[in-house]
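One structure is given here, and the rest of the page talks about it.
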Amino acid sequence: VDYVFTDKTGTLTENSMEFIECCIDGHKYKGVTQETDGLSQTDGPLTYIDKADKNREELFLRALCLCHTVEIKVNDAVDGATESAELTYVASSPDEIALVKGAKKYGFTFLGTQNGHIRIENQRQEIEEYKLLHTLNFDSVRRRMSVIVKTKEGGILLFCKGADSAIFPRVHNHNIESTKAHVERTSMDGYRTLCVAFKEIPPDAYERIDRQLVEAKLALQQREEKLETIFDDIETNMNLIGATAVEDKLQDQAAETIEALHAAGLKVWVLTGDKMETAKSTCYACRLFQTSTELLELTTNTIEESERKEDRLHELLIEYRKKLLHEFPKSTRSLKKAWTEQQEYGLIIDGSTLSLILNSNHDSSSNNYKSIFVQICMKCTAVLCCRMAPLQKAQPLYDAAYLTMYNICFTSLPILAYSLLEQHVNIDTLTSDPRLYMPFLKQQRMYFVFAQMLSSVSTWLAIVLLIFISLFPEILLIVLKNVRRRSARVRTTFIKLIFGRGFNIYHEINILFRKLH
Numbered sequence: 001v002d003y004v005f006t007d008k009t010g011t012l013t014e015n016s017m018e019f020i021e022c023c024i025d026g027h028k029y030k031g032v033t034q035e036t037d038g039l040s041q042t043d044g045p046l047t048y049i050d051k052a053d054k055n056r057e058e059l060f061l062r063a064l065c066l067c068h069t070v071e072i073k074v075n076d077a078v079d080g081a082t083e084s085a086e087l088t089y090v091a092s093s094p095d096e097i098a099l100v101k102g103a104k105k106y107g108f109t110f111l112g113t114q115n116g117h118i119r120i121e122n123q124r125q126e127i128e129e130y131k132l133l134h135t136l137n138f139d140s141v142r143r144r145m146s147v148i149v150k151t152k153e154g155g156i157l158l159f160c161k162g163a164d165s166a167i168f169p170r171v172h173n174h175n176i177e178s179t180k181a182h183v184e185r186t187s188m189d190g191y192r193t194l195c196v197a198f199k200e201i202p203p204d205a206y207e208r209i210d211r212q213l214v215e216a217k218l219a220l221q222q223r224e225e226k227l228e229t230i231f232d233d234i235e236t237n238m239n240l241i242g243a244t245a246v247e248d249k250l251q252d253q254a255a256e257t258i259e260a261l262h263a264a265g266l267k268v269w270v271l272t273g274d275k276m277e278t279a280k281s282t283c284y285a286c287r288l289f290q291t292s293t294e295l296l297e298l299t300t301n302t303i304e305e306s307e308r309k310e311d312r313l314h315e316l317l318i319e320y321r322k323k324l325l326h327e328f329p330k331s332t333r334s335l336k337k338a339w340t341e342q343q344e345y346g347l348i349i350d351g352s353t354l355s356l357i358l359n360s361n362h363d364s365s366s367n368n369y370k371s372i373f374v375q376i377c378m379k380c381t382a383v384l385c386c387r388m389a390p391l392q393k394a395q396p397l398y399d400a401a402y403l404t405m406y407n408i409c410f411t412s413l414p415i416l417a418y419s420l421l422e423q424h425v426n427i428d429t430l431t432s433d434p435r436l437y438m439p440f441l442k443q444q445r446m447y448f449v450f451a452q453m454l455s456s457v458s459t460w461l462a463i464v465l466l467i468f469i470s471l472f473p474e475i476l477l478i479v480l481k482n483v484r485r486r487s488a489r490v491r492t493t494f495i496k497l498i499f500g501r502g503f504n505i506y507h508e509i510n511i512l513f514r515k516l517h
């Protein structure tokens with residue numbers, strides 16, 4: 001094995017989310033709420049570093065209580081109301097439970113959904129009810145989810161939460177720089193960030209939206225495409241409220257495992273949908289990237305500096321290939337080659353850039369993106385693919401034209417072939433000293449195979465038998481063709497002799513009759 005591909009959330013990390021802090025209109029609030037294995041826990045109240053407007057605080061916390069897919073596991077009930085101390089939240093994503101618990105710590109408690117109405121308890125211990133009109137479910141392309149609810153007063157509100165890259169372009173706040181700075185800072189600290197926004201929907205606009213959603217949900221063809229178009233139209237011109245920061249701790253021994261894999265000569269790729277700064281911080285924490293590792297970046301930040309993205313991407317690919325393959329001018333080649341051979345390189349690429357590489361325009365001068373990209377990846381000791389959709393996570397492994405054949409030829413086949421003849425090495429020996437793995441593999445892989453082939457009679461018999469079996473149909477076909485060709489040639493000669501002799505007799509008789517006349 002030369003390459004290891006891994007996801008981040010739940011593989012390198014525990015998938016145990018802790019609500020660390022939030023930002024409301026640029027004002028920072030801090031607290032800790034942990035969610036593990038679908039069960040929630042809290043420890044102490046939220047504290048604020050700086051306060052926002054009271055109405056905006058409540059709006060933000062209501063958004064956390066309303067915009068999610070959390071369900072309640074009822075442990076105790078009194079007069080139809082569930083005691084808040086006994087609430088157990090269950091959801092498909094632990095992020096959502098951590099956020100709901102974060103709202104609870106600041107006084108807004110999600111009490112569940114009954115008969116299509118969401119019930120929450122506010123800071124004044126008053127029960128608020130909202131009619132759930134529509135849920136715009138999260139998907140990996142939109143990177144956000146929304147709910148449309150109706151208040152008791154008849155107002156219609158849309159609450160939306162999602163990745164910063166999916167929310168910021170859709171809000172119209174004039175001053176969102178403080179929230180952006182908060183998101184960047186918490187991402188660099190390794191926290192998972194989500195942005196929260198809302199907007200009011202006028203009744204006449206909601207009638208049109210409701211009609212479009214119902215028609216799209218009942219459509220028999222292109223239902224997903226129609227819903228996606230409507231969702232995209234609805235989730236615009238929103239008002240940014242704030243952002244959240246959730247921590248997902250590393251698994252025990254994750255860093256030691258990555259170090260052991262690197263020491264064994266294996267190259268590790270991390271594929272994640274998280275923000276680049278968050279994933280990058282996690283990779284440093286788990287020692288995928290060392291402080292001495294030189295990072296090569298292929299992201300929207302590096303290619304959007306130019307008006308022509310493809311040209312800029314092509315320039316970066318050529319530059320990185322020259323650096324990794326030691327393609328320097330002759331005057332500096334020896335010095336730079338000696339230095340780069342000792343230097344470790346890591347690659348960071350995001351989903352949009354990967355799509356640009358794998359789906360490049362073949363009419364452009366940069367239609368060799370894929371081959372250059374593969375050459376760069378092969379030379380890097382570690383690769384981080386961030387902001388990846390689920391289908392994109394499969395592309396580095398299974399791209400039909402390039403990486404599939406590379407993966408099969410250099411990963412799968414050596415395992416299958418070598419394992420048949422491999423000498424046994426005690427697992428404790430390799431675990432205690434993983435550096436033995438790669439030298440053993442390099443020295444033994446081909447030598448041992450050829451040694452066994454040359455010294456084993458059964459191996460030679462098997463090879464001869466396989467050759468004979470594979471060539472026998474071709475040999476038989478050639479023989480049958482030759483036999484058929486000979487029989488056809490004899491038959492043709494016989495016919496020619498008969499018809500040729502008959503023609504001569506006819507010609508002689510014709511000449512005789514002419515003489516008699």
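The numbering of the sequence shown is full-length UniProt numbering, which starts it at 1 and goes up by one. Glycine included, every Cβ here is placed at the ideal spot set by N, Cα and C.
Check	Outcome
Roughly how far, in whole angstroms, is the beta-carbon of Val196 from the beta-carbon of Ala243, given that I think they are within contact range, below 8 Å?	7 Å
With distances taken between CB atoms, is the gap from Met388 to Gly346 smaller than 8 Å?	no
Buried or exposed for Leu46, going by 16 or more other Cβ atoms inside 10 Å?	Confidence at Leu46 is low in this model, with a pLDDT of 47, below 50, so its placement is unreliable and no value can be given for it.
Can you give, in chain order, each stretch of the beta strand (DSSP E) that sits fully within the segment 193-265 and has at least 3 residues?	239-250
Short of 8 Å in beta carbon distance, which residues of its chain neighbour Thr6, apart from the five on each side in sequence? Order them along the chain.	Leu12, Val268, Trp269, Val270 and Leu271
State the DSSP-derived secondary structure class of Asp2, mapped to helix, strand or coil.	coil
What does DSSP give as the partner residue(s) for Gln114 in the beta ladder?	His117
Between Leu240, Gly107, Arg142 and Arg170, which lies nearest to Arg124 when the distance is taken from Cα to Cα?	Gly107
Tell me which residues share the same chain as Gln251 and place their Cβ nearer than 7 Å to its Cβ, disregarding the 5 neighbours each side in the sequence.	Leu12, Thr13 and Glu14
With DSSP as the reference, identify every bridge partner of Arg144, one or two as the case may be.	Asp139 and Gly162
Specify, as a first and last residue, the run of the alpha helix (DSSP H) that Asn55 falls within.	Lys54 to Leu66
Verify whether the separation of the beta carbon atoms of Thr109 and Glu128 is less than 8 Å.	no
Skipping 5 residues on each side, what residues in its chain have a beta carbon closer than 8 Å to that of Phe198?	Leu59, Ala63, Leu157, Leu158, Phe159, Cys160, Met238, Asn239 and Ile241
Going by Cα to Cα distance, which pick from Leu325, Leu218, Ala382 and Ala245 is closest to Asp95?	Ala245
How many Å lie between Gln34 and Lys370 at the Cα?	Caution is warranted here: a pLDDT of 47 is assigned to Gln34, below 50, making its placement in the model unreliable, and no coordinate value can be reported.
In chain order, what residues of the same chain lie with their CB nearer than 7 Å to the CB of Val171, ignoring the 5 residues before and after it?	Ala197, Met238, Asn239 and Leu240
If you check the beta carbons only, do Ala103 and Met17 fall under 8 Å apart?	no
Please state the DSSP three-state secondary structure of Cys23.	strand
If you compare alpha carbons, which of Leu136, Ser140, Val149 and Thr299 is closest to Ile118?	Val149
Within 10 angstroms of its Cβ, does Glu319 collect 16 or more other Cβ (buried), or is it exposed?	exposed
Could you check which residue in Asp139, Arg142, Val147 and Lys131 has the C-alpha nearest to that of Cys67?	Val147
According to DSSP, is Asn301 helix, strand or coil?	helix
From Ala77 to Gln114, what does the alpha carbon distance come to, in whole angstroms?	Confidence in Ala77 is poor, its pLDDT being 49 and thus under 50, which makes the residue's placement too unreliable to answer from.
Helix or strand or just coil, what does DSSP make of Glu153?	coil
Cβ atoms of Ile348 and Leu295: under 8 Å apart, would you say?	yes
Which residues in the same chain have their Cβ closer than 6 Å to the Cβ of Lys309, if we skip the five residues on either side of it in sequence?	Ile303
Do you know how far the Cα of Gly112 is from the Cα of Ala401?	Since pLDDT at Ala401 reaches only 40, below the 50 mark, its modelled position is unreliable, and the value read off the structure follows with that caveat. Using only the alpha carbons, I get a separation of about 50 Å.
Roughly how many whole angstroms lie between the Cα atoms of Asp233 and Gly26?	27 Å
Quick check on Ile463: buried or exposed, where buried means 16 or more other Cβ atoms within 10 Å of its Cβ?	exposed
For the 8 Å Cβ check, are there 3 or more pairs between the segment 132-145 and the segment 162-171?	yes
Could you pull the start and end residues of the beta strand (DSSP E) that Val70 belongs to?	It is not in any beta strand (DSSP E) - Val70 carries neither H nor E in the DSSP assignment.
Kindly indicate which residue of Thr186, Pro202 and Arg56 has the alpha-carbon position closest to the one of Glu21.	Thr186
Tell me whether the beta-carbon of residue 519 lies closer than 8 Å to the beta-carbon of Cys386.	Residue 519 lies beyond the residue range present for the chain, which begins at 1 and ends at 517; the question has no answer from this structure.
Can you give me the Cβ contacts of Val457 inside the same chain, cut-off strictly under 6 Å, excluding the 5 residues immediately before and after it?	none
Hey, would you say Arg321 sits closer than 8 Å to Gln375, going by beta carbons?	yes
Inspect the beta-carbon positions of Ala382 and Phe289 and report whether they are closer than 8 Å.	yes
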